[in-house]
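This report concerns only the one structure given below.
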Amino acid sequence: MFGGVFVTELLRALRQVAALYDELARARRVTTTTPGRDEHLAALAAEHVADVADEADLVAVRRREARRLEGELRDLEARLQERRARKAVVQDLHAAQALTHELAHLQAQRDDLETQIFKAWDDAEAESARLAAVEEASGETVARIADQREDLAVHERQAAAALAEVETELQTALAALPIRVTSKLSRLSARYDNPVSGLAAGGCDACGQMLPQQQAIDADHDRALPVCTGCGRFIVARRGTRRGEWM
Ligand SMILES: [Zn+2]
């Protein structure tokens, strides 16, 4: 297919092209997955805020309950006073006995209510302490999530910048290749992130298809540019290493 010095040059150019395709794919992955990851983080932060709101609601409920019981107690005290006043002036013996009975009953009710109020305020206080703990933990988590989102945004901007830059670099590198190599690469790149595969254990690194032994040896010695019969990619030994500082 190709021969001599030319193939060495071609393979070197293809290694560079392969590295660029890799970087392009990584940058694309970052730019396409970032919105979803950011959305997930935003939902997580909202969940923590909602937890705090739920806890605050519970505190409000407990306090409302305690105040409602205090209102009941005030009504009860008023009734007690009214009965005591009546008892002080009552003449009829039966009526006096009935009032004594009622007063005892109201006093027992009042004692019970006081116990309930004490417990209600106790519950409200415990709930309030729990709210403070949840607020603190959530505050820290929400702040950490905000940091993560900021990092994500920075990473995305870097990836987007790299994407544009690598795209240009790739076009330049492709333009320097023989036209039939370029057109094959552009066809393959519609199907694969990287149309250039590496040589791995005598076969295609991308799909695992083995090369005829001599072809594998030639590819390994930079004497040939095989095309994989399994996936159609070019196979280049010792394909370019990772590049790009933004990763
Ligand atoms: Zn293959």
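The working numbering puts the first residue of the sequence shown at 28, with every later residue one more than the last. For glycine and all other residues, C-beta sits at the position ideal for the given N, C-alpha and C.
| query | result |
| --- | --- |
| Extent of the continuous beta strand (DSSP E) run through residue 223 | 223–227 |
| Assigned secondary structure, residue 98 (DSSP; H/G/I helix, E/B strand, else coil) | helix |
| Among 195, 60, 72 and 204, the one whose alpha carbon lies nearest that of residue 167 | 72 |
| C-alpha gap between residue 60 and residue 186, whole angstroms | 11 angstroms |
| Any non-hydrogen atom of ligand 1 closer than 6 angstroms to residue 227 Cβ | no |
| Closer than 6 angstroms: residue 200 CB and nearest ligand 1 heavy atom | no |
| Pick from 117, 132 and 92 that is closest to residue 107, judged by C-alpha positions | 132 |
| Counted within 10 angstroms of its Cβ, other Cβ atoms place residue 28 as buried (16 or more) or exposed | Bear in mind that a pLDDT of 49 at residue 28, under 50, signals an unreliable position, so the model cannot answer this. |
| Inter-residue Cα distance where the pair is residue 193 and residue 257 | 28 angstroms |
| Contact the stretch 118–135 vs the stretch 73–84: 3+ CB pairs below 8 angstroms | no |
| Simplified DSSP assignment, three categories, for residue 166 | helix |
| Chain-ordered residues, beta carbon under 6 angstroms from a heavy atom of ligand 1 | 224, 231, 233, 234, 236, 255, 257, 258 and 260 |
| Where residue 33 falls, given that 16 or more other Cβ within 10 Å makes a residue buried | exposed |
| Neighbourhood of residue 114 by C-beta, 6 angstroms cutoff - its chain only, sequence neighbours within 5 removed | 126 |
| Meets three-Cβ-pair contact criterion under 8 angstroms: the stretch 239–250 and the stretch 223–230 | yes |
| Straight-line Cα distance separating residue 183 from residue 46 | 20 angstroms |
| Per-residue burial, residue 213 [other beta carbons within 10 Å of its own, 16 or more giving buried] | exposed |
| Where residue 42 falls, given that 16 or more other Cβ within 10 Å makes a residue buried | buried |
| Rounded separation between residue 211 and residue 161 - CA only | 59 angstroms |
| Closest by C-alpha distance to residue 111, when choosing among 100, 99 and 124 | 124 |
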